[in-house]
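So the structure is just underneath, and the comments pick up after that.
In the numbering used here, the protein residues as written are 140 to 572.
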């Protein structure tokens with residue numbers, strides 16, 4: 140197996156171990172711990188050292204890892220890469236169990252983010268997330284992660300015989316048509332607690348000790364390397380765990396430099412980032428300032444450091460679609476396995492400008508990595524990402540980029556094996572400057 144295929148398979152393994160943002164952070168923590176990083180707490184005083192490797196978490200679903208540079212911070216600043224841990228899915232509501240036809244047990248769910256709804260139908264699904272348990276201190280419930288590693292749910296389609304227009308396009312109602320089937324009513328089991336009993340058994344706790352939960356659906360089937368020449372990745376949650384994976388790998392692999400290298404993994408990008416652990420918060424700004432304070436720097440030194448800093452906002456990009464080429468810009472048409480994509484927008488949905496674009500282009504050239512550019516059709520409104528949002532809290536130079544994929548926000552997205560290696564190389568080169 141080539142190094143490119145090994146890295147792609149490692150990405151698929153990482154994603155499979157990370158069915159929710161909480162699990163993604165836990166998986167990243169394990170990787171950092173195995174490579175000499177030390178966890179620090181928000182509630183504790185930070186005593187950092189030059190060359191030290193650290194990470195701090197927020198809400199259990201966001202994480203910032205960094206290597207303190209051996210130069211003076213106000214002279215060399217921060218080199219940051221940003222990504223996000225969440226992906227579109229369905230969240231299970233409180234009092235979720237619903238019985239229909241006196242037979243079927245369904246779960247009441249709420250759409251999280253903007254998934255392509257019909258891709259979730261007829262697929263084996265499972266449940267993962269975090270659970271809050273009763274504790275001695277009411278202000279600090281015990282928090283446990285749970286992953287039911289078994290296909291227990293499915294959202295069944297309506298047969299074409301009863302829905303003759305289905306192939307002409309049918310809008311799915313988010314409250315009616317996307318509720319997953321969990322089980323048949325079992326007269327021997329306690330009604331209304333099928334899910335809670337399953338979670339309690341998985342955690343080996345009493346059902347009564349479960350106070351609340353953040354539980355989400357995920358596709359149970361693992362991602363695959365596919366294509367005649369093993370050139371493609373078919374996998375859910377590439378957006379944006381591919382960037383988390385590459386950024387963390389690059390931080391671990393890179394050397395200590397005069398500047399401070401930072402990898403920030405926000406949560407809740409898919410729903411606007413307006414949370415304490417999202418890009419539209421003080422989370423990153425506070426971490427950077429605390430690094431400066433711990434190194435004996437004052438407020439002016441910190442602001443000087445920001446002026447010398449640069450952030451790569453890493454989120455996936457749209458490859459030109461082989462069946463719908465007309466949906467893309469006529470001259471900027473990224474394709475899979477031709478390198479990372481620099482994202483540009485006149486209305487600043489992306490932070491890229493000519494200066495920041497030039498920085499990332501030169502990084503790619505030094506790394507021997509090809510690059511492409513993406514711009515929306517002028518008559519089409521595209522999406523945005525953490526770059527513009529984080530810029531409202533940290534006024535530092537920033538470029539938006541990502542690997543090109545098809546079927547973004549599908550339950551199973553589609554990217555390139557070679558592109559993931561290209562992005563990792565570019566990130567390593569950036570950190571090593």
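We put the CB at the ideal spot given by N, CA and C, even for glycine. All of these numbers come straight from a predicted model, not from anything done at the bench.
Query	Result
Residue 383: which of 250, 403, 291 sits nearest, CA to CA?	403
How long is the line joining the alpha carbons of residue 456 and residue 494, rounded to whole angstroms?	20 Å
Tell me which residue opens and which closes the alpha helix (DSSP H) that residue 311 is part of.	Looking at the DSSP string, residue 311 is not in any alpha helix (DSSP H), and its letter there is neither H nor E.
Report yes or no: is there a C-beta of chain C within less than 8 Å of the C-beta of residue 232?	Any reference to chain C falls outside this structure, which holds one protein chain only.
Please state whether DSSP places residue 324 in a helix, a strand or coil.	coil
Nearest CA to the CA of residue 238: which residue from 322, 502, 554?	322
Can you list, in chain order, the residues of its chain with a C-beta nearer than 7 Å to that of residue 487? Leave out the 5 residues immediately preceding and following it.	527
Can you have a look at residue 80 and say buried or exposed, based on whether 16 or more other CB atoms are within 10 angstroms of its CB?	Any answer about residue 80 is impossible in this case: the structure gives the chain only from 140 up to 572.
So residue 129 is in the beta strand (DSSP E); what residue range does that whole segment cover?	Because the chain here runs from 140 to 572, residue 129 falls outside it and cannot be looked at.
Does DSSP classify residue 527 as helix, strand or coil?	helix
At 3 residues or longer, and completely inside the stretch 215-245: list those beta strand (DSSP E) runs for me, N to C.	217-223, 228-239
From 430, 566, 531, 519, pick the residue whose C-alpha is nearest to that of residue 188; which is it?	430
Determine the direct distance from the alpha carbon of residue 336 to that of residue 553, and round the result to whole angstroms.	36 Å
From this set, 557, 394, 183, 259, which residue's C-alpha is nearest residue 571's C-alpha?	394
Cα separation between residue 284 and residue 231?	15 Å
In terms of residue numbering, what span does the beta strand (DSSP E) encompassing residue 264 cover?	264-272
Determine the extent of the alpha helix (DSSP H) in which residue 154 is found, giving its start and end residues.	142-155
Candidates 262, 501, 268: which alpha carbon is nearest residue 334's?	268
How would you write the range of the alpha helix (DSSP H) that residue 130 sits in, first residue to last?	Absent from the structure is residue 130, since the part of the chain shown begins at 140 and ends at 572.
For the alpha helix (DSSP H) containing residue 496, name the first residue and the last one.	493-506
Would you be able to state if there are at least three C-beta pairs under 8 Å between the stretch 472-479 and the stretch 548-562?	yes
Confirm the yes/no value for this check: CB of residue 218, any heavy atom of the ligand COA, distance under 7 Å.	Absent from the structure shown: the ligand COA. Ligands present: none.
Report the three-state DSSP secondary structure of residue 454 (helix, strand or coil).	coil
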